[in-house]
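Student: Mind looking over this structure? Questions follow.
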Amino acid sequence: MCSPKVATIILIIINVLFFLLGIGIIIPGILLLVDNEAINDKIIPYFKELSLGSTNFGDLAKNLPIALICLGSLVLVISVIGLFGTCCCKIRCFLMVYAIIVIILLIGKVVVLALWYFMNDKFTTTIKDEMLKNLKAKYKNDDLTSNEISTSWNHLQLAFECCAINAVTNVTNDFDNTPWQTGPPPPTTNIPISCCPGVTSSNYTAAAATNPLCPSNATVAPSGQYSKGCYDAVYDFIKGYCLKIVCTIYRVVMMQYTTS
Numbered sequence: 001m002c003s004p005k006v007a008t009i010i011l012i013i014i015n016v017l018f019f020l021l022g023i024g025i026i027i028p029g030i031l032l033l034v035d036n037e038a039i040n041d042k043i044i045p046y047f048k049e050l051s052l053g054s055t056n057f058g059d060l061a062k063n064l065p066i067a068l069i070c071l072g073s074l075v076l077v078i079s080v081i082g083l084f085g086t087c088c089c090k091i092r093c094f095l096m097v098y099a100i101i102v103i104i105l106l107i108g109k110v111v112v113l114a115l116w117y118f119m120n121d122k123f124t125t126t127i128k129d130e131m132l133k134n135l136k137a138k139y140k141n142d143d144l145t146s147n148e149i150s151t152s153w154n155h156l157q158l159a160f161e162c163c164a165i166n167a168v169t170n171v172t173n174d175f176d177n178t179p180w181q182t183g184p185p186p187p188t189t190n191i192p193i194s195c196c197p198g199v200t201s202s203n204y205t206a207a208a209a210t211n212p213l214c215p216s217n218a219t220v221a222p223s224g225q226y227s228k229g230c231y232d233a234v235y236d237f238i239k240g241y242c243l244k245i246v247c248t249i250y251r252v253v254m255m256q257y258t259t260s
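Under the UniProt record's numbering, the first residue of the sequence shown is numbered 1, with each subsequent residue one higher.
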């Protein structure tokens with residue numbers, strides 16, 4: 001059994017780690033809230049069409065920044081309470097309640113990580129299939145005004161610099177058999193203008209594309225379009241913010257280390 005002094009040091013270390021974790025969660029939440037170029041009101045309608053069980057990805061994307069800030073703030077408050085109780089009060093009942101809260105949080109973290117590890121492949125496959133199914137059924141217009149879902153999808157491709165769900169490499173692609181391709185009237189191209197670099201929401205015409213072959217004629221393989229599929233683009237965006245959480249915690253730890 002460890003001495004009270006050792007136990008106090010261990011509790012302080014745990015609280016400092018929780019404090020850093022709280023900061024690491026809050027900062028990406030603030031960045032997501034401020035940087036609305038990727039996930040904005042023009043793209044949200046498309047994500048609202050996607051769901052997994054009772055989870056709607058439109059609501060999730062819209063509320064994620066606030067959720068991260070609230071969760072990070074909760075972790076910060078718990079860590080500050082723990083530090084206060086460890087260093088100042090040392091009230092046994094107080095510390096017991098704090099210890100229970102920490103254990104519950106740790107168990108929750110382990111459960112989430114376990115679910116992610118064992119269900120990641122199934123989760124990603126399901127989401128990808130859901131995105132493809134939605135595209136096939138609801139992509140109707142290559143413009144930014146006629147149809148809410150089509151408009152949202154075009155804004156998604158512009159914002160994430162991607163094309164279709166899977167990367168387009170041939171005449172046959174994810175836009176085949178969509179309402180847009182089957183007409184009437186059928187389009188003269190096999191990918192939307194939003195797949196072409198140089199096109200923006202303010203100059204949404206084929207003439208704005210940096211590559212004159214994009215979009216290409218419907219009978220030939222597309223050329224000059226964004227090389228990444230939108231599933232991978234969105235997935236990389238999410239991974240990037242997860243990495244920011246880890247990097248933020250690391251930087252705060254190093255700052256604490258170098259100034260101590």
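Yeah, the Cβ is synthetic: ideal placement off N, Cα and C, and Gly gets one too.
Answer yes or no: do N211 and P197 have a C-beta to C-beta separation smaller than 8 Å?
Tutor: Against a cut-off of 8 Å, the Cβ pair of P197 and N211 comes out as a contact.
Student: What are the start and end residues of the alpha helix (DSSP H) that includes T151?
Tutor: Segment 148-160, the alpha helix (DSSP H) holding T151.
Student: I12 to F237, Cα distance in whole Å?
Tutor: One C-alpha to the other measures close to 35 Å.
Student: Mind checking T178: buried by the 16 CB within 10 Å criterion, or exposed?
Tutor: So T178 counts as buried.
Student: Whole angstroms is fine: what's the gap from residue 283's alpha carbon to L68's?
Tutor: No answer is possible for residue 283: the residues shown for the chain start at 1 and end at 260.
Student: Buried or exposed: where does P184 fall if 16 or more other Cβ atoms within 10 Å of its Cβ makes it buried?
Tutor: Label assigned to P184: exposed.
Student: Would you check if the distance between the CB atom of residue 323 and the CB atom of L50 is smaller than 8 Å?
Tutor: Only positions 1 to 260 of the chain appear in this structure, which leaves residue 323 out of reach.
Student: At the level of alpha carbons, what is the spacing between E130 and W153?
Tutor: Approximately 14 Å between the Cα atoms of the pair.
Student: Quick check on DSSP: helix, strand or coil for N217?
Tutor: Correct three-state label for N217: strand.
Student: Quick one: is T258 buried, meaning 16 or more other Cβ sit within 10 Å of its Cβ, or exposed?
Tutor: Because the pLDDT of T258 is 47, which lies under 50, any placement of that residue in the model is unreliable, and the question is left without a value.
Student: Does the Cβ of P186 have 16 or more other Cβ atoms within 10 Å, making it buried, or fewer, making it exposed?
Tutor: When all chains shown are included, P186 counts as exposed.
Student: When DSSP labels each residue in this structure, what does S51 get in the three-state scheme?
Tutor: Residue state, collapsed to three classes: strand.
Student: Under three-state DSSP, which class holds T8?
Tutor: Helix.
Student: Enumerate in chain order the residues of its own chain whose CB-to-CB distance from H155 is below 6 Å, with the five nearest sequence positions on each side excluded.
Tutor: Only K42, I43 meet the Cβ criterion.
Student: For F18 and C230, what's the separation of their Cα atoms in angstroms?
Tutor: In a straight line, the C-alpha of F18 is about 35 Å away from that of C230.
Student: Please list the terminal residues of the continuous alpha helix (DSSP H) segment that includes S202.
Tutor: Run containing S202: none; DSSP gives neither H nor E here.
Student: Take the Cβ of G108 as the centre, count every other Cβ of all protein chains shown within 10 Å, and call the residue buried at 16 or more, exposed below.
Tutor: It is exposed - the Cβ of G108 has fewer than 16 other Cβ atoms within 10 Å.
Student: Between which two residues does the alpha helix (DSSP H) holding S73 run?
Tutor: Unbroken alpha helix (DSSP H) run through S73: 57-84.
Student: Which residue comes first and which comes last in the alpha helix (DSSP H) that contains T172?
Tutor: Note, T172: premise wrong, no alpha helix (DSSP H); not H, not E.
Student: Mapping DSSP to helix, strand and coil, what is T188?
Tutor: Three-state DSSP puts T188 in coil, outside helix and strand.
Student: For Q256, which residues of its own chain have a beta-carbon under 6 Å away from its beta-carbon, when the five flanking residues on both sides are left out?
Tutor: Low per-residue confidence applies at Q256: pLDDT is 46, beneath 50, and the placement is therefore not dependable, though the value from the model is reported in the following sentence. Excluding residues within five positions, none has a Cβ falling inside 6 Å.
Student: Specify the secondary structure class of T124 as computed by DSSP and reduced to three states.
Tutor: Residue state, collapsed to three classes: helix.
Student: Within 10 angstroms of the Cβ of N173, are there 16 or more other Cβ atoms? Answer buried if so, exposed if not.
Tutor: Buried is the call here.
Student: Within its chain, find whatever has a CB closer than 7 Å to the CB of S136; leave out the 5 residues flanking it on each side and keep chain order.
Tutor: Here residue 136 turns out to be Lys, not Ser, going by the sequence shown. For K136, where only same-chain residues beyond five positions count, the Cβ hits under 7 Å are N177, T178.
Student: If you run the structure through DSSP and keep just helix, strand and coil, what is Q256?
Tutor: In this predicted model, Q256 has a pLDDT of only 46, less than 50, meaning its place in the structure is not dependable enough to derive any value.
Student: Kindly list the residues whose CB is nearer than 6 Å to the CB of N170, restricted to its own chain and excluding five residues on each side of it in sequence; keep chain order.
Tutor: So the qualifying residues of the chain are A221.
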